[in-house]
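First residue of the sequence shown? That's 1 in UniProt numbering, and the numbers climb one at a time after it.
C-beta: ideal position from N, C-alpha, C; glycine also.
Bear in mind the structure is a predicted one, so any value in this text is a computation, not a measurement.
A short worksheet on the structure shown next.
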Amino acid sequence: MRHGEKATDDPRDPSLSPAGDARAQALAALLARAGVTHLFASEYRRTQATLRPLADATGLNVTVLPANAPQELVAAIRALPGGAIAVVAGHSNTLPALIDALGGQVRDTVDAGGQPALPDDAYDRLFVVTLPTAPSKGQTQTLELRYGEARSTQ
1 MRHGEKATDD PRDPSLSPAG DARAQALAAL LARAGVTHLF ASEYRRTQAT
51 LRPLADATGL NVTVLPANAP QELVAAIRAL PGGAIAVVAG HSNTLPALID
101 ALGGQVRDTV DAGGQPALPD DAYDRLFVVT LPTAPSKGQT QTLELRYGEA
151 RSTQ
């Protein structure tokens, strides 16, 4: 999923706004008992802060990988043992490509310089990407959920 709503405190690496903090808490409430085994975030404060309540609830550490090296994240996810449940906090412009690289599909994207991205106000979309147990055992499945309070686009 994408990080929670951004504050306006730093144009390059903003923290979460109060709405983003509330969304991070909602994520933790939703997934604390889901059997999560791994947490991944980019180097930016907002992705790590989005996962912090879930990390606290599960006792897991957040693995930080660079946002501009998606192949590292794909490799890390593919290297997880069977049955692993990973939660990734990404960005509007990184999640569609990550899901695509894993064989999944994202609908309702916008164009961001020739690449698909989530709309700028889409903070509530949670993608459950289920990888096949082996390449010959079916195809990747993508389920999209919504969580937290919906923001008005008006």
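Local conformation of residue i per DSSP, three classes
i: residue 100; result: helix
i: residue 148; result: coil
i: residue 158; result: Residue 158 lies beyond the range of the chain shown here (1 to 154); nothing can be said about it.
i: residue 143; result: strand
i: residue 27; result: helix
i: residue 95; result: helix
i: residue 12; result: coil
Separation of residue j from residue i, as counted between CA atoms
i: residue 44; j: residue 124; result: 19 Å
i: residue 110; j: residue 133; result: 31 Å
i: residue 66; j: residue 42; result: 5 Å
i: residue 93; j: residue 70; result: 11 Å
i: residue 98; j: residue 119; result: 16 Å
i: residue 116; j: residue 106; result: 9 Å
i: residue 63; j: residue 112; result: 27 Å
i: residue 53; j: residue 114; result: 34 Å
i: residue 149; j: residue 128; result: 19 Å
i: residue 3; j: residue 82; result: 26 Å
i: residue 79; j: residue 7; result: 34 Å
i: residue 91; j: residue 34; result: 23 Å
i: residue 86; j: residue 72; result: 14 Å
Where the alpha helix (DSSP H) containing residue i begins and where it ends
i: residue 56; result: 45-58
i: residue 16; result: Segment: none, residue 16 is in no alpha helix (DSSP H) and carries neither H nor E.
i: residue 126; result: Counting along the chain, residue 126 falls outside any alpha helix (DSSP H), though it belongs to the beta strand (DSSP E) covering 125-130.
i: residue 167; result: One cannot answer for residue 167 here, as it falls past the ends of the chain, which runs 1 to 154.
Chain-order list of residues whose beta-carbon lies under 8 Å from that of residue i (same chain, five-residue window excluded)
i: residue 84; result: 37 and 38
i: residue 32; result: 54, 57 and 58
Neighbourhood of residue i by C-beta, 6 Å cutoff - its chain only, sequence neighbours within 5 removed
i: residue 153; result: Note that residue 153 scores a pLDDT of 43, beneath 50, so its modelled location is shaky and nothing firm can be said.
i: residue 22; result: none
i: residue 145; result: 126
i: residue 30; result: 147
i: residue 9; result: 15
First and last residue of the uninterrupted beta strand (DSSP E) at residue i
i: residue 106; result: Where residue 106 is concerned, there is no enclosing beta strand (DSSP E), given that its DSSP letter is neither H nor E.
i: residue 63; result: 62-64
i: residue 32; result: Unbroken run through residue 32: none, as it is neither H nor E.
Other residues of its chain near residue i: CB distance less than 7 Å, five sequence neighbours each side excluded
i: residue 102; result: 74, 77, 129, 131 and 140
- Any contact of the region 15-25 with the region 137-144, i.e. 3+ C-beta pairs under 8 Å? no
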